[in-house]
Amino acid sequence: MAELFYDADADLSTIQGRKVAVIGYGSQGHAHALSLRDSGVDVRVGLHEGSKSKAKAEEQGLRVVTPAEAAAEADVIMILVPDPIQAQVYEQSIAPHLKDGDALFFGHGFNIRFGFIKPPAGVDVCMVAPKGPGHLVRRQYEEGRGVPCIVAVEQDASGNAFALALAYAKAIGGTRAGVIKTTFTEETETDLFGEQAVLCGGTAALVKAGFETLVEAGYQPEIAYFECLHELKLIVDLMYEGGLEKMRWSISETAEWGDYVTGPRIITDTTKAEMKKVLAEIQDGSFARTWMDEYHGGLKKYNEYKQQDAEHLLETTGKELRKLMSWVNEEA
Ligand code: NDP
Ligand code: MG
Ligand code: MG
Numbered sequence: 001m002a003e004l005f006y007d008a009d010a011d012l013s014t015i016q017g018r019k020v021a022v023i024g025y026g027s028q029g030h031a032h033a034l035s036l037r038d039s040g041v042d043v044r045v046g047l048h049e050g051s052k053s054k055a056k057a058e059e060q061g062l063r064v065v066t067p068a069e070a071a072a073e074a075d076v077i078m079i080l081v082p083d084p085i086q087a088q089v090y091e092q093s094i095a096p097h098l099k100d101g102d103a104l105f106f107g108h109g110f111n112i113r114f115g116f117i118k119p120p121a122g123v124d125v126c127m128v129a130p131k132g133p134g135h136l137v138r139r140q141y142e143e144g145r146g147v148p149c150i151v152a153v154e155q156d157a158s159g160n161a162f163a164l165a166l167a168y169a170k171a172i173g174g175t176r177a178g179v180i181k182t183t184f185t186e187e188t189e190t191d192l193f194g195e196q197a198v199l200c201g202g203t204a205a206l207v208k209a210g211f212e213t214l215v216e217a218g219y220q221p222e223i224a225y226f227e228c229l230h231e232l233k234l235i236v237d238l239m240y241e242g243g244l245e246k247m248r249w250s251i252s253e254t255a256e257w258g259d260y261v262t263g264p265r266i267i268t269d270t271t272k273a274e275m276k277k278v279l280a281e282i283q284d285g286s287f288a289r290t291w292m293d294e295y296h297g298g299l300k301k302y303n304e305y306k307q308q309d310a311e312h313l314l315e316t317t318g319k320e321l322r323k324l325m326s327w328v329n330e331e332a
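What follows is the structure, encoded as structure tokens:
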């Protein structure tokens, strides 16, 4: 079972005694920087020339400097810029200012796990990853609660890296909810697998295949959209609240029977064998290499896929139907 840590296990003074740089002010960056500050931590934000979020950070009372200045001033540097550009920002602006005893922090293990960033031996390397989007992390903190975090240490140069990571997690509210200890390897590989096989890739493909099956059989696209996409939210909400059990408690017996007998015909042993291949490609680094080549090669295929799905009947149908449901977008 996982090891859990709470407020009493973390000492805020450990992070209050450091100078923290948060590089990036997006979803995670703004939540970390503001909550660190409100927890009494000395924090500055590092942003590039022409950053869209600079004005907002300053309006919210934070001091904004360049990533290089932030890294030079600080002894704890949290990198919260998009994963594909982290290695470049690290090389240009952070590595030249790293000193023995500094700590490098991440919100996701991608660049460390796959070796795109190789920190020097004298530096602590830690991860604090909230299990929720930044706006939720910040709102929970402001309400006196917190979003659970997972925390990992890749390199413990100081001998105190885990305590430092726990203190950081406490400063953004994570230990109020609970912190789970993990490793960079476990976090990165499970995160990539989950989004590819289940959450994003698997779900999108399932929805499209179901929709196409109904439309190709002559049913109206609007009806197929409701059955295969729109209603998914109700089902997922029930799973989120109470697992498969609550979902099955809420649906009809007919739906539940269909769930048991048809589900395994859709997600078969062949599907699972393919999932294992997907996992192997994540573990051996080939997915990461292919993706970074695609990203730095100008995102040609990425944009083709994006365009294809934008033109899919599922999407054009949904766009019209959602106009009939004013509450759908108001909820977001
Ligand atoms: P966002 O895309 O929301 O924000 C990125 C930020 O980095 C923006 O403020 C952007 O500035 C800034 N930025 C871009 N280029 C540079 C640069 N060269 N130098 C300095 N700043 C730059 O990122 P996320 O918050 O989504 O992701 C950050 C990290 O957190 C990633 O490692 C991600 O995997 C991880 N994470 C994200 C979660 C999420 O819910 N989003 C959840 C858990 C982890 P601007 O836009 O102003 O130009
Ligand atoms: Mg991810
Ligand atoms: Mg039904």
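My numbering applies: residue 1 is where the sequence shown begins, and numbers increase by one. Cβ atoms here follow ideal geometry from the backbone N, Cα and C, with glycine treated the same way. All figures in this text were calculated on a predicted structure; none of them were measured in a lab.
Leaving out the 5 sequence neighbours to the left and right, which residues in its chain are closer than 6 Å to residue i when beta-carbon positions are compared?
i: R248; result: E256
i: R37; result: V43
i: Y295; result: P84
i: Q86; result: I79 and N111
So, is the C-beta of residue i closer than 8 Å to a C-beta in chain C?
i: L62; result: Absent from the structure: chain C. Only one protein chain is present.
With DSSP as the reference, please indicate the residues paired to residue i in a beta bridge.
i: P130; result: C149
i: V76; result: V20 and A103
i: Q155; result: V125
i: R44; result: A21
i: V328; result: DSSP, once it has assigned bridges, lists no residue as partnering V328.
i: D5; result: Reading off the sequence shown, one finds Phe at residue 5, where the question assumed Asp. Paired residues: V179.
i: V64; result: V45
Let me know if residue i comes out buried or exposed under the rule of 16 or more other beta-carbons within 10 Å of its beta-carbon.
i: C149; result: buried
i: R289; result: exposed
i: D83; result: buried
i: P67; result: buried
i: R145; result: exposed
i: I266; result: exposed
i: S93; result: buried
i: A167; result: buried
Using the Cα positions of residue i and residue j, report the straight-line distance between them to the nearest angstrom.
i: A21; j: D191; result: 25 Å
i: F105; j: K54; result: 21 Å
i: I117; j: Y90; result: 7 Å
i: T182; j: A74; result: 26 Å
i: M292; j: D309; result: 22 Å
i: L80; j: T254; result: 47 Å
i: A280; j: S27; result: 30 Å
i: K272; j: L324; result: 38 Å
i: L238; j: W327; result: 19 Å
i: D11; j: K52; result: 34 Å
i: G17; j: Q155; result: 20 Å
i: T203; j: A197; result: 8 Å
i: G298; j: E304; result: 12 Å
Give every residue of the same chain whose Cβ lies closer than 7 Å to the Cβ of residue i, excluding the five residues on either side of it in the sequence, and list them in chain order.
i: A129; result: G107, H108, C149, I150 and E187
i: A35; result: One point to set straight first is that residue 35 is Ser, not Ala, in the sequence displayed. Counting only Cβ-Cβ distances below 7 Å, and skipping sequence neighbours, we find R138, Y141, A171, I172 and G173.
i: L321; result: E222 and Y225
i: G285; result: F114
i: M176; result: It should be noted that the sequence gives Arg, not Met, for residue 176. Excluding positions up to five away in sequence, the list reads D7, R145 and G146.
i: T317; result: P221, E222 and Y225
Given residue i, which residues of its chain have a CB within under 8 Å of its CB, disregarding the five upstream and five downstream residues?
i: G201; result: E195
i: L164; result: T14, I15, R18, V76, A103, D124, C126 and S158
i: S39; result: L12, I15, Q16, K170, A171 and I172
Original post:
Enumerated in chain order, which unbroken segments of the beta strand (DSSP E) with a length of 3 residues or greater are wholly contained in the region 175-220?
Top reply: 179-181
**OP:** Could you pull out every unbroken alpha helix (DSSP H) segment of at least 4 residues lying fully inside the region 85-118, listed in chain order?
**Re:** For the region 85-118, whole alpha helix (DSSP H) runs of length 4 or above, ordered along the chain, are 110-113.
Original post:
In the region 10-38, which residue ranges form an unbroken beta strand (DSSP E) of at least 3 residues, counting only runs that do not cross its ends?
Top reply: 19-23
**OP:** Could you tell me which uninterrupted alpha helix (DSSP H) segments, each at least 4 residues in length, are contained entirely in the region 229-292, listed from first to last along the chain?
**Re:** 232-250, 253-266 and 269-283
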